[in-house]
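Numbering follows the UniProt record's numbering, in which position 27 of the sequence shown is assigned residue number 27; successive positions increment by one, without gaps. Here a beta-carbon is modelled for each residue, glycine too, at the ideal position from N, C-alpha and C. The model shown is predicted, which means the values in this text are computed figures rather than measured ones.
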Amino acid sequence: IIGLYVGFVWLVGKFVRLFFTSISYRIMFDEMPNVDKVLKLCLDIFMVRESKSFKLEEDLFAKLMFLYRSPETLIKWTKYKRA
1 IIGLYVGFVW LVGKFVRLFF TSISYRIMFD EMPNVDKVLK LCLDIFMVRE SKSFKLEEDL
61 FAKLMFLYRS PETLIKWTKY KRA
(Lines of atoms letter the chains of each structure in order from A and count residues from 1; the text may use other names and numbers.)
(Lines give C-alpha, C1' and ligand atoms only; values in the text may rest on other atoms or scores of the structure.)
Protein backbone atom coordinates (compact mmCIF):
# COMPACT_ATOMS: atom_id res chain seq x y z
CA ILE A 1 0.00 0.00 0.00
CA ILE A 2 2.94 2.33 0.68
CA GLY A 3 4.26 1.65 -2.81
CA LEU A 4 0.87 2.57 -4.29
CA TYR A 5 0.81 5.82 -2.31
CA VAL A 6 4.37 6.73 -3.35
CA GLY A 7 3.56 5.94 -6.98
CA PHE A 8 0.42 8.08 -6.88
CA VAL A 9 2.22 11.05 -5.29
CA TRP A 10 5.05 10.73 -7.81
CA LEU A 11 2.60 10.64 -10.73
CA VAL A 12 0.65 13.67 -9.50
CA GLY A 13 3.89 15.57 -8.96
CA LYS A 14 5.05 14.69 -12.46
CA PHE A 15 1.81 15.99 -14.03
CA VAL A 16 1.89 19.21 -12.00
CA ARG A 17 5.52 19.85 -12.92
CA LEU A 18 4.82 19.10 -16.61
CA PHE A 19 1.90 21.53 -16.62
CA PHE A 20 3.81 24.40 -15.05
CA THR A 21 7.01 23.97 -17.04
CA SER A 22 5.23 23.82 -20.38
CA ILE A 23 3.11 26.88 -19.64
CA SER A 24 6.20 29.07 -19.40
CA TYR A 25 7.14 28.13 -22.97
CA ARG A 26 3.61 28.51 -24.35
CA ILE A 27 2.65 31.81 -22.76
CA MET A 28 4.86 33.81 -25.12
CA PHE A 29 2.97 32.45 -28.13
CA ASP A 30 -0.52 32.33 -26.60
CA GLU A 31 -0.52 35.92 -25.36
CA MET A 32 0.62 37.78 -28.48
CA PRO A 33 -1.53 40.93 -28.72
CA ASN A 34 -1.49 41.56 -32.49
CA VAL A 35 -0.59 38.68 -34.79
CA ASP A 36 -1.49 40.35 -38.09
CA LYS A 37 2.13 40.68 -39.29
CA VAL A 38 2.96 37.08 -38.39
CA LEU A 39 -0.20 35.86 -40.13
CA LYS A 40 0.67 37.89 -43.23
CA LEU A 41 4.15 36.36 -43.26
CA CYS A 42 2.64 32.85 -43.06
CA LEU A 43 0.19 33.63 -45.86
CA ASP A 44 3.04 35.03 -47.96
CA ILE A 45 4.94 31.77 -47.45
CA PHE A 46 1.91 29.80 -48.69
CA MET A 47 1.49 32.05 -51.74
CA VAL A 48 5.17 31.80 -52.65
CA ARG A 49 5.01 28.02 -52.24
CA GLU A 50 2.05 27.84 -54.64
CA SER A 51 3.95 29.90 -57.22
CA LYS A 52 6.92 27.51 -56.84
CA SER A 53 9.40 30.26 -55.97
CA PHE A 54 11.34 28.08 -53.58
CA LYS A 55 14.25 30.44 -52.92
CA LEU A 56 11.90 33.19 -51.76
CA GLU A 57 9.95 30.63 -49.72
CA GLU A 58 13.17 29.58 -48.02
CA ASP A 59 14.01 33.21 -47.21
CA LEU A 60 10.55 33.91 -45.79
CA PHE A 61 10.61 30.69 -43.77
CA ALA A 62 14.01 31.62 -42.36
CA LYS A 63 12.54 34.98 -41.37
CA LEU A 64 9.64 33.22 -39.62
CA MET A 65 12.00 30.88 -37.76
CA PHE A 66 14.17 33.81 -36.68
CA LEU A 67 11.05 35.56 -35.45
CA TYR A 68 9.97 32.60 -33.30
CA ARG A 69 13.48 32.07 -31.95
CA SER A 70 13.93 35.71 -30.94
CA PRO A 71 11.45 36.74 -28.23
CA GLU A 72 12.52 40.39 -28.43
CA THR A 73 11.81 40.59 -32.16
CA LEU A 74 8.54 38.73 -31.71
CA ILE A 75 7.41 41.27 -29.13
CA LYS A 76 8.33 44.14 -31.45
CA TRP A 77 6.39 42.54 -34.32
CA THR A 78 3.24 41.76 -32.34
CA LYS A 79 2.77 44.81 -30.13
CA TYR A 80 -0.12 47.15 -30.83
CA LYS A 81 0.56 50.33 -32.75
CA ARG A 82 -0.12 53.54 -30.86
CA ALA A 83 -2.61 55.83 -32.54
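Unbroken alpha helix (DSSP H) run spanning residue 112, endpoints: Only positions 1 to 83 of the chain appear in this structure, which leaves residue 112 out of reach.
Boundaries (first-last residue) of the alpha helix (DSSP H) holding residue 37: Within the sequence shown, the letter at position 37 stands for residue 37. Its alpha helix (DSSP H) spans residues 36-50.
DSSP state of residue 79 mapped onto helix, strand, coil: Position 79 of the sequence shown holds residue 79. Residue 79 carries a coil assignment under DSSP once its states are collapsed to helix, strand and coil.
Own chain, CB closer than 7 Å to residue 32, minus 5 neighbours either side, in chain order: If you number the sequence shown from 1, residue 32 lands on position 32. Exclusion of the five residues before and after residue 32 leaves 78 as the residues of its chain whose Cβ lies within less than 7 Å of its Cβ.
beta-carbon residue 33 near the ligand ZN non-hydrogen atom, thresh 7 Å: Among the ligands in the structure shown, none appear at all, so the ligand ZN cannot be discussed.
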